[in-house]
Amino acid sequence: MTERKPHGVTYEDWVDRQIRRAQERGAFDGLPGAGKPLRDLDRGKTGEEWVVDWARREEADLRAALPPSLAFRREKQDLLEDLARVPAERRLREAVEDFNARLRRALLRPQEGPPLTTMPLDVEALVERWRAERPPPPPPAPPTRARAEERRRRRWWWRRP
């Protein structure tokens with residue numbers, strides 16, 4: 001639908017014309033569910049039921065639909081669970097500081113929904129926990145004879161007194 005609605009034509013006529021042209025081109029042929037009745041047409045749905053059904057059908061994440069107090073609680077839980085998978089200390093600090101800054105801003109605004117009881121995270125305590133959960137770095141490999149020979153060959157221009 002890249003063309004614009006012509007002046008003087010109602011939206012209904014223009015949309016019907018677009019649908020008819022698409023049918024003639026076969027744009028609706030072979031769609032999933034073609035020829036099957038639509039489910040639950042006989043019962044009315046509330047807006048919340050429709051959103052939940054859509055989210056299940058599309059496998060969407062409903063975290064954006066949560067009130068701020070529940071969204072922050074869920075985000076804090078996820079952050080603590082994913083602590084070990086953070087690859088670098090800098091990224092962990094950035095994530096926790098970002099969470100704390102957004103939480104503080106939310107605490108300053110008027111509350112929507114349930115009261116916001118989530119507390120900010122202690123960055124240093126989480127960094128210590130992250131360090132404790134990570135395996136220690138492997139010790140450096142001892143130099144082998146071949147590596148020593150390679151080093152000696154690379155430095156042939158150095159003069160020794």
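1 is the number of the first residue of the sequence shown in full-length UniProt numbering; add one for each residue after it.
C-beta: ideal position from N, C-alpha, C; glycine also.
On a predicted model such as this, the values are computed, not experimentally measured, just so you know.
Contact between GLU89 and VAL127 holds: their C-beta atoms lie close to 6 Å from each other, under 8 Å. Proximity to ARG85 across GLY30, ARG25, ALA132, ASP53 peaks at ALA132, based on C-alpha coordinates.
Taken in chain order, the whole alpha helix (DSSP H) runs of length 4 or more contained in the stretch 10 to 38 are 11 to 25.
Scanning LEU108, PRO115, PHE72, GLU24 for the CA closest to the CA of VAL96 turns up PHE72.
A distance below 8 Å separates the beta carbons of ARG129 and LEU83. Scanning the stretch 24 to 105 from its first residue to its last, the whole alpha helix (DSSP H) runs of 4-plus residues come out as 47 to 58, 68 to 81.
About 6 Å separates the beta carbons of GLU112 and PRO68, which is inside the 8 Å limit, making them a contact pair. The Cβ atoms of ARG104 and PRO115 lie no closer than 8 Å to each other. Contact between ALA65 and VAL51 holds, with the beta-carbon distance rounding to 7 Å and staying under 8 Å. THR10 counts as exposed, since fewer than 16 other C-beta atoms from the protein chains shown sit within 10 angstroms of its C-beta.
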